[in-house]
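**Q** The structure follows.
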Amino acid sequence: SQQGEEDPQALSIQEGENATMNCSYKTSINNLQWYRQNSGRGLVHLILIRSNEREKHSGRLRVTLDTSKKSSSLLITASRAADTASYFCSFQGAQKLVFGQGTRLTINP
Amino acid sequence: SAVISQKPSRDICQRGTSLTIQCQVDSQVTMMFWYRQQPGQSLTLIATANQGSEATYESGFVIDKFPISRPNLTFSTLTVSNMSPEDSSIYLCSVIVYTEAFFGQGTRLTVV
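Which chain is which? The protein sequence lines are A and B, in order. Just so you know, our numbering puts 92 at position 92 of the first sequence, and the rest follows in order with no gaps. Offset between the second sequence (1-based) and our numbering: plus 1000.
Structural data, given as C-alpha cells:
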C-alpha cells in the first residue's frame, strides 16, 4: 500500500484538551508533513519536519519524528472548536508525496 | 510558494462519459501530481505528470482510464474516462516546491 498508517482514525475531545495523532510509515523519507482538511475543502499545510529533526513546534502544534521507529506524532494543545477537521500525515520519498489514512478530529464545545 | 487554479470545482456527470480536469500553476514546476480522494478516505496518488514525457502511474491506475496531458511546465489535465459511479471522488492536483506540497482546491466529481 502506498499509504501510511494513522491512529486513531477518529478522535473526539472537549475544547481545551490536547489532541494527539500518530503516523507510521514504511519507507525511507526525506521529510514528513502534516496537513489539515476541513470538510469538503482543500488541504492546508501545517508543519514540515525533516528526517534529521526530532521535534518541531509551530504555535499550538508540536510534531515529533522518530526515524528509527518510522513514526511521527502531531500534538495540538489547548484545542478549539475550529480545530475540528481531518488531519493527514504525508511523507516524501523518491520525489512523490504519499499520505496517511487520516485522523478525523472533533472538538466538542 | 505556489498557487494552483483547478477547475471545474465540481461536476455531476452521466456514467459512460468523460471529464477533463485542468490545473494551472503560477510558476514553472517539473512535476505535477494527481490524487484521488474517495468519500471519507485519504488521498491516493494516481500519477505523476512530467513535462515532455508520459505520466508515471501508480499501481491500480492505468493510462486508458486516466489519461494525463502535460503540455508545458505550468499546466496539466487529468481525464476521467468512461466514468462509473465508483469514480465519484474528489480529484486534486499538487506540486512540490522546496519540499512543501501545494494543492488545488479539488474537483468534486459525482457520477450518476
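Glycine included, C-beta positions come from ideal geometry on N, C-alpha and C.
Check distances from the C-beta atoms of the region 75-103 of chain A to those of chain B and list, in chain order, the residues that come in under 9 Å.
**A** Correct list: 86, 88, 90, 92, 95, 96, 97, 98, 99, 100, 101, 102.
**Q** Does any CB atom of chain B fall closer than 9 Å to the CB of residue 36 (chain A)?
**A** Residue numbering aside, residue 36 (chain A) sits at position 36 when the first sequence is read from its first letter. Not an interface residue.
**Q** Using CA coordinates, which residue listed in A:83, A:97, A:96, A:65 is at the minimum distance from residue 38 (chain A)?
**A** Counted from its first residue, the first sequence places residue 38 (chain A) at position 38. Checked all of A:83, A:97, A:96, A:65; the closest Cα to residue 38 (chain A) is A:83.
**Q** For residue 1095 (chain B), count neighbouring Cβ atoms within 10 angstroms of its own Cβ and tell me buried if that reaches 16, exposed if not.
**A** For the purposes of this step, residue 1095 (chain B) is taken as residue 95 along the second sequence, with counting starting at 1. It is buried - the Cβ of residue 1095 (chain B) has at least 16 other Cβ atoms within 10 Å.
**Q** Quick check: is the beta carbon of residue 1043 (chain B) nearer than 9 Å to any beta carbon in chain A?
**A** Your numbering for residue 1043 (chain B) matches position 43 in the second sequence. True, the Cβ-Cβ gap to chain A drops below 9 Å.
**Q** Decide if residue 86 (chain A) is buried, meaning its Cβ has at least 16 other Cβ atoms within 10 Å, or exposed.
**A** Locating residue 86 (chain A) in the first sequence gives position 86, counting from the first residue. Buried: at least 16 other Cβ atoms inside 10 Å.
**Q** Would a C-beta distance cut-off of 9 Å place residue 1024 (chain B) and residue 1091 (chain B) closer than the cut-off?
**A** Along the second sequence, one-based indexing puts residue 1024 (chain B) at 24. Along the second sequence, one-based indexing puts residue 1091 (chain B) at 91. No.
**Q** Could you tell me whether any Cβ in chain A is nearer than 9 Å to the Cβ of residue 1086 (chain B)?
**A** Numbered from its first residue, the second sequence carries residue 1086 (chain B) at position 86. No, because no Cβ of chain A sits closer than 9 Å to the Cβ of residue 1086 (chain B).
**Q** Taking DSSP as the reference, what is the three-state secondary structure of residue 1055 (chain B)?
**A** If you number the second sequence from 1, residue 1055 (chain B) lands on position 55. It is coil, neither helix nor strand.
**Q** For chain A, is any of its Cβ atoms less than 9 Å away from the one on residue 1092 (chain B)?
**A** As a position in the second sequence, residue 1092 (chain B) is number 92, starting the count at 1. Yes, its Cβ sits closer than 9 Å to a Cβ of chain A.
**Q** Since residue 1110 (chain B) meets chain A, which of its residues come closer than 9 Å, beta carbon to beta carbon?
**A** Translated into the one-based positions of the second sequence, residue 1110 (chain B) becomes position 110. Near residue 1110 (chain B) there are no residues of chain A at all, since even the closest Cβ is about 12 Å away, more than 9 Å.
**Q** Residue 1081 (chain B) by DSSP, collapsed to three states: which one?
**A** In the second sequence, counting from the first residue as 1, residue 1081 (chain B) sits at position 81. Coil, per DSSP.
**Q** Just mark residue 1012 (chain B) as buried or exposed, buried being the case when its beta carbon has 16 or more other beta carbons within 10 Å.
**A** Working through the second sequence from its first residue, we reach residue 1012 (chain B) at position 12. Exposed is the call here.
**Q** To the nearest angstrom, report how far apart residue 1082 (chain B) and residue 1065 (chain B) are at their CA atoms.
**A** What you label residue 1082 (chain B) is simply residue 82 of the second sequence in a count that begins at 1. What you label residue 1065 (chain B) is simply residue 65 of the second sequence in a count that begins at 1. Residue 1082 (chain B) and residue 1065 (chain B): Cα-Cα distance of roughly 7 Å.
**Q** Which stretch, first to last residue, makes up the beta strand (DSSP E) that contains residue 44 (chain A)?
**A** Here residue 44 (chain A) refers to the residue found at position 44 when the first sequence is read from its first residue. Start and end: 43-50.
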